[in-house]
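What follows is one structure encoded as structure tokens, with my remarks underneath.
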Amino acid sequence: MGSCYMIVSMTLLGAKHNPGMKESLGEVTTAFFFIYYFCYGTSFAKVPWVFNSEVNSLGWRTRGAAAATATNWMGGFIVTQFTKTGVDNLNWGFFLLFAGFCYAYFPIVYFLYPETARRTLEDMDQIFIQNPGLIVCRVPELTQRERPETLITLEQKRVEKAEVAHVTHVD
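The sequence shown begins at 980 in our numbering and counts up by one.
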């Protein structure tokens, strides 16, 4: 995604120095804006909404959704307020700011976001009870793609405990 903005920046720079190519470079710029928004919309755009419901416990889910919504609106406000001024003053260099944010996101995801695929909500609660730290890249259970064996064993114990429960009918 950052490379899309880098290409947009380069085409804008090329249009500045090659006025005869302005129209074709404008088409390239427009195409890469669409590519960026497609890639972003199908990947990281959903993170604040989906990840919030998978990671936060039931008691914190509402607070997490509120934080995600507030952050989304604040980010949108900042982008719409300062993009025109930034492009007017920095020209193509303003898009390097967006590229920098995109590249900065990789270590944030690697170090702070646990893997939630193939894990139940109960698994996530158990993972955070066992590993309350912030940095997740050091804990194999938080980064491995397959569901950890310890979580499978805990779920089997929960199921066995539920099956043992005795229910009687009372009139």
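By construction, the Cβ of each residue, glycine as well, lies at the ideal position given by its N, Cα and C atoms. Note that the structure is predicted; figures quoted are calculated from it, not measured.
- Query: Going by other Cβ atoms of all chains shown within 10 Å of its Cβ, with 16 needed for buried, is E1125 buried or exposed?
  - Reply: In the sequence shown, counting from the first residue as 1, residue 1125 sits at position 146. Burial call: exposed.
- Message: Within a Cβ cutoff of 6 Å, which residues of the same chain sit near V1007, ignoring the five residues on either side of it in sequence?
- Response: By 1-based counting over the sequence shown, the position of residue 1007 is 28. The residues are T990.
- Message: Considering only the alpha carbon of each residue, which of F1080, S1036, K1025, P1127 lies closest to E1094?
- Response: Counting from 1 along the sequence shown, the entry for residue 1094 is found at position 115. Cα-wise, what sits closest to E1094 is P1127.
- Message: Alpha carbons only, please: which of R1098, S988, P998 is nearest the one belonging to T1009?
- Response: Locating residue 1009 in the sequence shown gives position 30, counting from the first residue. Residue S988 is the option with its Cα nearest to T1009.
- Ignoring anything shorter than 4 residues or poking outside the stretch 1032–1059, list the alpha helix (DSSP H) runs there in chain order. none
- Item | V1088, enclosing alpha helix (DSSP H) - first and last residue | Here residue 1088 refers to the residue found at position 109 when the sequence shown is read from its first residue. Element bounds for V1088: 1073–1091.
- Where C1018 sits in the DSSP three-state scheme: The count along the sequence shown starts at 1 and reaches residue 1018 at position 39. In the structure shown, C1018 sits in a helix (DSSP, three-state: H, G or I).
- Distance between beta carbons of N1070 and A1047, contact taken as under 8 Å: Working through the sequence shown from its first residue, we reach residue 1047 at position 68. Working through the sequence shown from its first residue, we reach residue 1070 at position 91. Not really, about 33 Å apart at Cβ, beyond 8 Å.
- Exposure of Y1015, with buried meaning 16 or more beta-carbon neighbours within 10 Å: Locating residue 1015 in the sequence shown gives position 36, counting from the first residue. Result: buried.
- Item | Those runs of the alpha helix (DSSP H) which lie wholly inside the stretch 1099–1150 and span at least 4 residues | 1100–1109, 1119–1122, 1128–1143
- In angstroms with no decimal places, state the Cα-to-Cα distance between L1100 and E1134. Residue 1100 sits at position 121 when you count from the first residue of the sequence shown. Residue 1134 sits at position 155 when you count from the first residue of the sequence shown. The straight-line gap from Cα to Cα measures roughly 11 Å.
- Task: To the nearest angstrom, report how far apart R1042 and H1148 are at their CA atoms.
- Result: Locating residue 1042 in the sequence shown gives position 63, counting from the first residue. Locating residue 1148 in the sequence shown gives position 169, counting from the first residue. When rounded, the distance between both Cα atoms is 40 Å.
- Would you mind working out which of G1020, V1088, G1055 sits nearest T1122, comparing C-alpha positions? Here residue 1122 is taken as the residue at index 143 of the sequence shown, counted from 1. That would be V1088, whose Cα lies nearest to the Cα of T1122.
- So, helix, strand or coil for N1191, using DSSP? Absent from the model: residue 1191. The displayed extent of the chain is 980 to 1150, so no value can be given.
- Task: Label A1045 either buried or exposed according to how many other C-beta atoms from any shown protein chain fall within 10 Å of its C-beta, with 16 as the threshold for buried.
- Result: For the purposes of this step, residue 1045 is taken as residue 66 along the sequence shown, with counting starting at 1. Exposed: under 16 other Cβ atoms inside 10 Å.
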